[in-house]
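A.B. asks: Please read through the structure below; I'll follow up with questions.
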Amino acid sequence: MRNLFAFIRRFSVLLFFLLLQAASFTLLFRYNKFHQAAYMDTAGEITGAMEVQYSKVDGYFHLKKENEDLRRRLNDLQNKLSENFQSPDTTQRVVADSIPVDTTGTIRKYLYMDAEVVNNSVIQPNNYFTIHRGSKQGVEPGMVVISPNGVAGVVMDVSENFATVMSMLNKQSRISASLKKTGESGRIEWDGSNPRRVQLRDIPKSVKLKVGDTVLTSRYSDFPAGIMIGRIQKIILEQSTNNYLLQVEPSNDFSRLQNVFVVANLQRAEQLELEKRSKQKK
C-alpha cells in the first residue's frame with residue numbers, strides 16, 4: 004500500500020493530466036456530433052481490422068480440421084468413381100462372395116482409404132515412407148498408394164496402426180506404365196540420382212512421342228489403370244536395345260508428400276491364386 008501511495012505521489016501530475024484528457028475527450032465526443040461520428044468511424048475501422056486478424060489466426064488453427072474434412076470427402080468421392088467398378092458378364096450368372104456389389108449390379112474392384120504420411124525420405128537410393136494406417140484399418144502388404152497428384156508407392160510391411168511404403172523413388176521399384184497418347188506399355192524405374200526424374204523403359208523407337216507427353220499407370224499394373232505418373236522431359240534412344248529411355252518428371256513432389264490414399268484391389272487375391280494354379284500346371 005505504501006508503494007502505491009508513493010507511485011501516485013510521484014506521478015500525480017501525469018495522472019491528473021491523463022484524467023483531464025480523458026474527461027475532455029468524453030465531453031468532446033458525447034456533445035459534439037461531428038467528433039462523435041469521426042470517433043465511431045475510426046473505432047469501427049480498428050475493431051474491424053482486429054476482427055479480420057483474429058479471423059485469420061482462428062482460421063489457421065482450424066486448418067487441420069478442415070483439411071481432414073476435405074480428405075474425408077475426397078475419399079468418399081474417390082470410392083464412388085465408376086473406374087472402381089466392373090460390370091458383370093451378362094451371359095452368365097455372377098456370384099460374388101466377398102466382393103461388394105452395388106445396387107446397379109456392378110462389382111467393386113478398388114477401395115480407397117485415406118492416410119497421412121508421418122515419415123518420409125527422398126535422398127536415399129532406396130526410399131520409403133510411413134503412413135498412419137495399418138492392419139487394424141485393413142492395410143495389407145502389396146496394396147498400392149497414390150496421392151491426389153498420382154502414383155506414390157507400394158505397401159511393403161504393416162503393423163497394427165502403421166505401414167511402410169516403398170516409394171516410387173526406390174531403385175527396386177517397378178511400375179507398369181503406358182503412354183496416354185498411344186497406349187504403348189513400358190516400365191517405370193528410378194536410377195537413384197534425381198528425385199525429380201524417373202525413367203520409362205521398353206518403349207520401342209517406332210512409337211511417336213514428344214517431350215511433355217503424359218505417362219499413366221497401365222492396365223497391367225497393380226495400380227488402377229490411368230493413374231498419373233508424370234510427363235516426359237527428355238527422350239534418349241538406347242543404341243543397344245533400339246528402345247527409348249525416357250526421362251519422366253513425376254507428377255508427385257515426393258519431398259512434400261502429406262496425404263495419400265491406400266488402394267485395395269478387392270479382386271487381387273483371386274487373380275493371384277488363379278495365376279499361381281496355372282503356373283503349377285505347367
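Residue numbers for the sequence shown follow the numbering used here, beginning at 4 and rising by one.
Glycine residues also receive a C-beta, built at the ideal position from the N, C-alpha and C atoms.
On the three-pair Cβ rule with 8 Å, is the stretch 156–164 touching the stretch 182–196?
C.D. replies: Result no; under three Cβ-Cβ pairs closer than 8 Å.
A.B. asks: Going straight from the alpha carbon of Gln274 to that of Met146, what length do you get?
C.D. replies: Taking the first residue of the sequence shown as position 1, residue 274 is located at position 271. Taking the first residue of the sequence shown as position 1, residue 146 is located at position 143. The alpha-carbon atoms of Gln274 and Met146 are separated by roughly 14 Å.
A.B. asks: Let me know the secondary structure DSSP gives Thr29 once reduced to three states.
C.D. replies: Locating residue 29 in the sequence shown gives position 26, where the first residue counts as 1. If DSSP states are grouped into helix, strand and coil, Thr29 belongs with the helices.
A.B. asks: Spatial neighbours of Gln202 within its chain, please: CB distance less than 8 Å, with the 5 preceding and 5 following residues excluded, ordered by chain position.
C.D. replies: As a first step, residue 202 must be located in the sequence shown, where it is residue number 199. Counting only residues of its own chain and dropping the five nearest sequence neighbours on each side, Gln202 has a CB closer than 8 Å to the CB of Ile191, Glu192, Trp193, Asp194, Leu248, Leu249, Gln250 and Val251.
A.B. asks: Which runs of the alpha helix (DSSP H) at least 4 residues long sit entirely within the stretch 134–203? Give them in chain order.
C.D. replies: none
A.B. asks: How would you call Thr94, buried or exposed, if buried means at least 16 neighbouring beta carbons within 10 angstroms?
C.D. replies: Along the sequence shown, one-based indexing puts residue 94 at 91. Any reading at Thr94 is ruled out, since the residue's pLDDT is 36, under 50, leaving its predicted position unreliable.
A.B. asks: Any idea which residues DSSP pairs Thr217 with across the strands?
C.D. replies: Along the sequence shown, read from residue 1 onward, the residue named residue 217 stands at position 214. DSSP output for Thr217 lists Arg234 as bridge partner(s).
A.B. asks: Taking all protein chains shown into account, do 16 or more other C-beta atoms lie within 10 angstroms of the C-beta of Thr185, making it buried, or fewer, making it exposed?
C.D. replies: Stepping through the sequence shown from its first residue, residue 185 is reached at position 182. Looking at its Cβ environment, which holds fewer than 16 other Cβ atoms inside 10 Å, Thr185 is exposed.
A.B. asks: Please name the residue in Ala272, Asn246, Ser254 and Arg12 whose C-alpha comes closest to that of Ile206.
C.D. replies: As a position in the sequence shown, residue 206 is number 203, starting the count at 1. Ranking Ala272, Asn246, Ser254 and Arg12 by Cα distance to Ile206 puts Asn246 first.
A.B. asks: Would Gly141 be called buried (16 or more neighbouring beta carbons within 10 Å of its own) or exposed?
C.D. replies: Along the sequence shown, one-based indexing puts residue 141 at 138. Burial call: exposed.
A.B. asks: What did DSSP end up calling Leu22 once you bin it into helix, strand or coil?
C.D. replies: Position 19 of the sequence shown, counting from 1, holds the residue named residue 22. Reduced to three states, the DSSP call for Leu22 is helix.
A.B. asks: Just to confirm, are Val3 and Val168 a CB contact at a threshold of 9 Å?
C.D. replies: The shown model of the chain, from 4 to 285, leaves out residue 3, and the question about it has no answer.
A.B. asks: Mind checking whether Val263 and Val120 have CB atoms under 9 Å apart?
C.D. replies: Taking the first residue of the sequence shown as position 1, residue 263 is located at position 260. Taking the first residue of the sequence shown as position 1, residue 120 is located at position 117. For Val263 and Val120, yes; Cβs fall inside 9 Å.
A.B. asks: With DSSP as the reference, label Arg259 as helix, strand or coil.
C.D. replies: Along the sequence shown, one-based indexing puts residue 259 at 256. It is helical.
A.B. asks: Which stretch, first to last residue, makes up the alpha helix (DSSP H) that contains Ala228?
C.D. replies: Along the sequence shown, read from residue 1 onward, the residue named residue 228 stands at position 225. Neither: Ala228 is in no alpha helix (DSSP H) and is coded neither H nor E.
A.B. asks: Let me check one thing: in DSSP terms, what residues is Asp117 bridge-paired to?
C.D. replies: Looking up residue 117 in the sequence shown gives position 114. Beta-bridge pairing by DSSP links Asp117 to Phe264.
A.B. asks: Look up Tyr131 in the DSSP assignment and give the residues it is bridged to.
C.D. replies: Position 128 of the sequence shown, counting from 1, holds the residue named residue 131. For Tyr131, which the question treats as bridged, DSSP gives the partners Met169.
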